[in-house]
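Remarks on the structure that follows.
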Amino acid sequence: MIKLSLDVNNAYRITERLSFPRLVGSEGELKAIEIIVEEFKKAGYSEIKREKFKTSLFNWVIVRYIFIPLGLLLLLLPITFAYNFWLTLIIIAILVFGAIKALGALNSADIVLSKNEKYNFETENIFTELKSERPMVTVVFMAHYDTKSQTFPSAFRIAIFIISLLGSLIVLIIYLILEIIAILSFFSVLTPIDFSLLNTILLYICIFLALVGSLNFFNKTGNKSPGAYDNAASVGTTIELARYFKINSPKNVNFIFLCTSSEELNLGGAKHFIKEHGNEFDKNSTFFINFDGIGGTGLIRLITSYGIPRTTSSKKLNDLFLKAAKELKIATKSVYLPTGAWSDYMPIVKSGFEACWLCSQGGLKYVHTSKDNLSLVSKEGLKNGLQLCIKVVEYLNKDYSKF
Numbered sequence: 002m003i004k005l006s007l008d009v010n011n012a013y014r015i016t017e018r019l020s021f022p023r024l025v026g027s028e029g030e031l032k033a034i035e036i037i038v039e040e041f042k043k044a045g046y047s048e049i050k051r052e053k054f055k056t057s058l059f060n061w062v063i064v065r066y067i068f069i070p071l072g073l074l075l076l077l078l079p080i081t082f083a084y085n086f087w088l089t090l091i092i093i094a095i096l097v098f099g100a101i102k103a104l105g106a107l108n109s110a111d112i113v114l115s116k117n118e119k120y121n122f123e124t125e126n127i128f129t130e131l132k133s134e135r136p137m138v139t140v141v142f143m144a145h146y147d148t149k150s151q152t153f154p155s156a157f158r159i160a161i162f163i164i165s166l167l168g169s170l171i172v173l174i175i176y177l178i179l180e181i182i183a184i185l186s187f188f189s190v191l192t193p194i195d196f197s198l199l200n201t202i203l204l205y206i207c208i209f210l211a212l213v214g215s216l217n218f219f220n221k222t223g224n225k226s227p228g229a230y231d232n233a234a235s236v237g238t239t240i241e242l243a244r245y246f247k248i249n250s251p252k253n254v255n256f257i258f259l260c261t262s263s264e265e266l267n268l269g270g271a272k273h274f275i276k277e278h279g280n281e282f283d284k285n286s287t288f289f290i291n292f293d294g295i296g297g298t299g300l301i302r303l304i305t306s307y308g309i310p311r312t313t314s315s316k317k318l319n320d321l322f323l324k325a326a327k328e329l330k331i332a333t334k335s336v337y338l339p340t341g342a343w344s345d346y347m348p349i350v351k352s353g354f355e356a357c358w359l360c361s362q363g364g365l366k367y368v369h370t371s372k373d374n375l376s377l378v379s380k381e382g383l384k385n386g387l388q389l390c391i392k393v394v395e396y397l398n399k400d401y402s403k404f
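Using our numbering, read the sequence shown as starting at 2 and increasing by one per residue.
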């Protein structure tokens, strides 16, 4: 049973306090840090750890510009294929190499700093711990506190990424197949085939994909989003769970309540935390529960897999949350996110730990805009997220031997 001491109003109050722009490097960020430290103290914690690290806007600068040369190379594919398929093969190799390097930079386990210091900042993670009587399991609740605004809302940005990247991947595969056929024909293994009509169609597709990808150039990062849904409500949820478990501490579970920074720039807070503290945890008995966009109206979305190629997050945690949702009758849906959005649990999963990402339906349309305000957050949505987490902790505390 959910104990009576759960205080949804407290989570909402903290959300309200934090609903102002707080981009890394801004005055708002410093104000948010003060509020989080103060709220952890109100929740009953005297020892609050603050770990500074350097981060950078470099990733989003690269994303703005990288699609332009990639788009131009994509346009060259149908042009060169019509005249010299050997040159087309070289362009395919350059595109594949460029894509691998770009994805490598975006998905790096380390924080990539810029050579230009104006893009680099110092920030900090804030966390506190709660020890149990006989710890068998560790649960890390985490939420980023930084915000950013962009010219385009997240839903539109995700659509740009999916269309341009998936479309380009399909075109590359088609041209690779055509190249193989052309080479076999060149060596008289196959009879030559006229691909002029298909190549013309692919030309128009490449023009479309290049134009869609180039829209990223106009998607500038700023500091205009109050970030109530993304991600003040998640911080409020994390601190309320800290308060709740301080009163109702399970005997077999250690807790860490972590508020990360620089998620919006490069998942920097999560990268820094797991690099500094990863060796302190047992990968078989440590569970990271990441909140990003929690507290909205409607169903809970459990991001169970992400990326291209597809990466699956913690099956153990995902199964427990779906079990809890069924028991509590809270609408919850498993979701695959191909590309276009990132969250702090990704470096954790990459490091081999059990981690999941909880968010809410609704609000995505206005994420990273000035309309991301308290109107997107509901007490019912906060309550659903809190209850699910408490129920999952009850499962882990009772059946820790299974994990």
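Glycine included, each C-beta is placed from N, C-alpha and C at the ideal position.
These figures come from a predicted structure and were not determined experimentally.
Check: Limits of the alpha helix (DSSP H) - the one that Phe82 falls within; Outcome: Phe59 to Tyr84
Check: Beta-carbon proximity check, Cys207 vs Leu76, cutoff 7 Å; Outcome: yes
Check: Glu381 versus Pro348, Val213, Ser186 and Ala234, residue with shortest Cα-Cα distance; Outcome: Ala234
Check: Nearest to Cys260 (by Cα), restricted to the options Tyr176, Val141 and Phe196; Outcome: Val141
Check: Three-pair Cβ contact test at 8 Å for the stretch 122-129 versus the stretch 323-334; Outcome: no
Check: Distance CB(Ser27)-CB(Thr148) smaller than 7 Å; Outcome: no
Check: CB of Val394 within 7 Å of CB of Leu321, strictly; Outcome: no
Check: Beta carbon of Phe258 nearer than 7 Å to that of Thr239; Outcome: yes
Check: DSSP-derived helix/strand/coil call for Leu19; Outcome: coil
Check: Meets three-Cβ-pair contact criterion under 8 Å: the stretch 57-73 and the stretch 210-219; Outcome: yes
Check: Segment limits, alpha helix (DSSP H) that includes Met143; Outcome: Not the alpha helix (DSSP H): Met143 falls in the beta strand (DSSP E), residues Val138 to His145.
Check: Nearest candidate by alpha-carbon position, reference Lys221, set Ser47, Leu204 and Glu265; Outcome: Glu265
Check: Coarse secondary structure for Tyr46, derived from DSSP in three states; Outcome: coil
Check: Coil, strand or helix - Ile3 by DSSP; Outcome: Summary for Ile3: the model assigns pLDDT 47, below 50, so the residue's position carries little reliability; its value from the coordinates is reported in the next sentence. In the structure shown, Ile3 sits in coil (DSSP, three-state: anything other than H, G, I, E or B).
Check: Selection from Ser169, Ile63 and Asp111 that minimises the alpha carbon distance to Leu96; Outcome: Ser169
Check: Range covered by the beta strand (DSSP E) that runs through Leu191; Outcome: Segment: none, Leu191 is in no beta strand (DSSP E) and carries neither H nor E.
Check: Gly223 (DSSP reduced to helix, strand or coil); Outcome: strand
Check: Under 7 Å between C-beta atoms of Val38 and Val138; Outcome: no
Check: Three-way DSSP call (helix, strand, coil) for Trp87 in this model; Outcome: helix
Check: Nearest to Tyr346 (by Cα), restricted to the options Thr312, Arg18 and Glu30; Outcome: Thr312
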